[in-house]
Amino acid sequence: MHIIKNQPVSEALTADKLSKACGGSITFCACIHKIKKMSGFAFVILRTGKYILQSVYSEDKCGGNISDISEGCYVKITGDVNEEKRAPLGYEITLADFTVLSRPAEDYPLHVSARELGCTIETKLEYRSTALRNPKERAVFKISEGVCEGFRRFLLKNDFTEIHTPKIVSAGAEGGANMFRLKYFGKDALLAQSPQFYKQTCVAFFDRVFEIAPVYRAEKHNSTRHLNEYIGLDLEMGYIESMRDVMITETELIRYICRYLKENYSYELEMFANPLPDVGNIPVLTFFEALDILEKPHNQADLDPQDEVRLCEYVKKEYDSEFVFVEKFPAAKRPVYAKNSPEDPKLAESFDLLFRGLEITTGGQRIHDYHEQVEKMKAFGTDPEELSVYLQIHKYGMPPHGGLGIGLERLVMKLLNLANIRQASMFPRDINHLDP
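Residue numbers (this note's numbering): 7 to 442.
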């Protein structure tokens with residue numbers, strides 16, 4: 007029997023550690039990103055889990071032989087850190103020694119060290135594990151991390167409780183045919199379209215909840231804006247006076263996330279030309295006001311993708327905002343749990359948030375009264391008995407509440423002005439992709 011003794015493990019290299027080592031020596035692990043051989047010396051570009059670093063090799067100063075390394079080798083290096091403003095992070099490392107930890111069996115199929123990969127998105131997906139070694143491709147997912155962390159920090163500071171809900175369920179929260187069906191020990195089951203029913207349930211005992219988790223939609227889309235599995239940033243909050251409380255919360259949330267990214271992810275953001283938006287007061291239009299602006303008839307029940315683009319262009323021009331809330335959608339086209347408007351029961355207390363031409367959020371106020379929920383189910387042709395477990399939360403009492411769901415990949419796609427949502431999904435799942 008062996009006992010593992012407490013001892014330091016190797017730590018990731020940070021910009022702070024590099025700065026503190028300036029004028030002295032440092033040892034860390036990295037991947038050989040690129041080798042540029044010059045006359046009498048070579049630049050060895052190193053890639054860590056976050057940074058690209060410049061090191062210099064020369065035979066008279068380094069104990070290792072440069073012929074022993076190539077692009078894609080993982081190494082442990084020791085070197086002297088010197089200030090060099092032209093180098094990444096402002097420092098250059100003079101190599102003193104290195105140890106090869108592993109070697110690739112083949113050369114990369116893509117130009118990983120290039121600033122841009124310069125290939126189609128299909129090629130990037132075919133060689134996904136290689137494409138993500140490119141710093142800019144990889145940076146998308148560090149920024150995605152920052153969005154999630156900003157989302158979580160804001161909500162925890164505002165007394166929300168983080169929850170984790172089932173993804174194998176017996177009923178779809180949104181209804182319709184876009185559900186993935188599977189067998190669960192001989193029973194029929196579904197992959198969750200949304201944590202909606204569960205986050206409403208949790209409001210009854212936590213008041214305010216949120217979740218960051220995958221959701222599934224079996225829609226046969228093959229567009230630049232749809233995925234069949236994506237990450238939902240969901241929240242639900244009790245004791246609201248109206249859906250405006252949810253909209254105000256989202257405005258503050260988006261503002262916080264952008265500020266958090268600017269403060270903590272500047273290294274990654276610098277790789278993208280488009281700055282983060284300034285999030286001021288977000289304009290609010292009713293659905294029918296939006297149709298009037300678009301000069302479209304009132305007999306349509308939703309906005310199509312081109313409507314969203316045109317509406318955002320209008321709001322940017324008229325209000326200098328890259329965001330716009332659209333509220334009061336026709337109730338018949340919103341989910342069965344959406345509360346009808348007191349002023350006009352044909353409309354729902356439901357909203358979308360559009361950003362740079364794309365819907366990134368759907369939210370609103372939910373029905374909390376048991377009898378009201380049962381009646382709306384019947385009006386929608388839904389048998390209340392089929393959702394009897396969900397109705398327990400209404401039967402035994404719920405506060406007025408509402409919430410929203412943000413599509414993480416859509417938000418990141420628009421924050422960075424990416425052309426395709428698959429660029430914001432590490433391993434996208436759509437109608438054509440089940441691997442890698």
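Built from N, CA and C at the ideal position, the CB exists for glycine as well.
Alpha carbon to alpha carbon, how far is PHE147 from GLU349? Walking along the sequence shown from the start, residue 147 turns up at place 141. Walking along the sequence shown from the start, residue 349 turns up at place 343. Answer to the nearest angstrom: the Cα atoms are 44 Å apart.
Closest to CYS28 by C-alpha separation, out of THR20, SER73 and ASP86, would be which residue? Here the question's residue 28 lines up with position 22 in the sequence shown. CYS28 has its Cα closest to that of ASP86, out of THR20, SER73 and ASP86.
Scan the region 118-196 and note each continuous alpha helix (DSSP H) run of 4 residues or more that stays entirely inside, going in chain order. 127-132, 134-137 and 141-163
Flag GLU258 as yes if its beta-carbon sits less than 8 Å from any beta-carbon of chain C, otherwise no. Absent here is chain C; the protein component of the structure consists of one chain.
Alpha carbon to alpha carbon, how far is VAL332 from ALA296? Give it in angstroms, no decimals. Along the sequence shown, read from residue 1 onward, the residue named residue 296 stands at position 290. Along the sequence shown, read from residue 1 onward, the residue named residue 332 stands at position 326. For ALA296 and VAL332, the distance between alpha carbons rounds to 7 Å.
What residues match up with CYS35 in a beta bridge as DSSP calls it? One-based indexing of the sequence shown puts residue 35 at position 29. According to DSSP, which records beta bridges pairwise, CYS35 is partnered with LYS82.
Measuring CB to CB, does CYS68 end up less than 8 Å from LEU101? Taking the sequence shown and counting its residues from 1, the one referred to as residue 68 is at position 62. Taking the sequence shown and counting its residues from 1, the one referred to as residue 101 is at position 95. For CYS68 and LEU101, yes; Cβs fall inside 8 Å.
Expressed to the nearest angstrom, what Euclidean distance is found between the alpha-carbon atoms of GLU392 and ARG261? The residue you call residue 392 lines up with position 386 of the sequence shown. The residue you call residue 261 lines up with position 255 of the sequence shown. Answer to the nearest angstrom: the Cα atoms are 40 Å apart.
Could you spell out the range, first to last residue, of the beta strand (DSSP E) harbouring SER356? Position 350 of the sequence shown, counted from the first residue, corresponds to residue 356. Unbroken beta strand (DSSP E) run through SER356: 356-361.
DSSP state of THR388 mapped onto helix, strand, coil: For the purposes of this step, residue 388 is taken as the residue at position 382 of the sequence shown. Coil.
Beta-carbon separation of LEU364 and VAL153 under 8 Å? Position 358 of the sequence shown holds residue 364. Position 147 of the sequence shown holds residue 153. For LEU364 and VAL153, no; Cβs fall outside 8 Å.
With DSSP run on the structure shown, which of helix, strand or coil describes ARG214? Here residue 214 refers to the residue found at position 208 of the sequence shown. Three-state DSSP puts ARG214 in a strand.
Could you tell me how far apart the beta carbons of THR171 and PRO201 are, in whole angstroms, since I believe they sit closer than 8 Å? Sequence index remark: in the sequence shown, residue 171 carries index 165 (1-based). Sequence index remark: in the sequence shown, residue 201 carries index 195 (1-based). With 8 Å as the limit, THR171 and PRO201 qualify as a contact, their Cβ atoms being about 4 Å apart.
According to the Cβ coordinates, are LEU196 and PHE186 closer than 8 Å? As a position in the sequence shown, residue 196 is number 190, starting the count at 1. As a position in the sequence shown, residue 186 is number 180, starting the count at 1. The answer is yes: Cβ separation under 8 Å.
Near GLU132, what residues of its chain come up, given a Cβ to Cβ distance below 6 Å and the 5 sequence neighbours on each side ignored? As a position in the sequence shown, residue 132 is number 126, starting the count at 1. Nothing listed; no residue qualifies.
Scan the region 200-255 and note each continuous alpha helix (DSSP H) run of 4 residues or more that stays entirely inside, going in chain order. 202-212
Could you tell me if GLN312 is buried or exposed, where buried requires 16 or more neighbouring beta carbons within 10 angstroms of its beta carbon? Along the sequence shown, read from residue 1 onward, the residue named residue 312 stands at position 306. With fewer than 16 other Cβ atoms within 10 Å, it is exposed.
Taking Cβ to Cβ, would you say GLU256 is nearer than 8 Å to GLY156? In the sequence shown, counting from the first residue as 1, residue 256 sits at position 250. In the sequence shown, counting from the first residue as 1, residue 156 sits at position 150. Contact: no.
Smallest Cα separation from PRO289: which of ASN88, GLU324, TYR236 and GLU276? As a first step, residue 289 is located in the sequence shown; it is residue number 283 there, counting from the start. If we check each option's Cα against that of PRO289, GLU324 comes out closest.
Three-state secondary structure (DSSP) of HIS377: The sequence position of residue 377 within the sequence shown is 371, counting from 1. Note: HIS377 maps to helix in three-state DSSP.
Three or more C-beta pairs below 8 Å linking the region 50-65 and the region 34-42: yes
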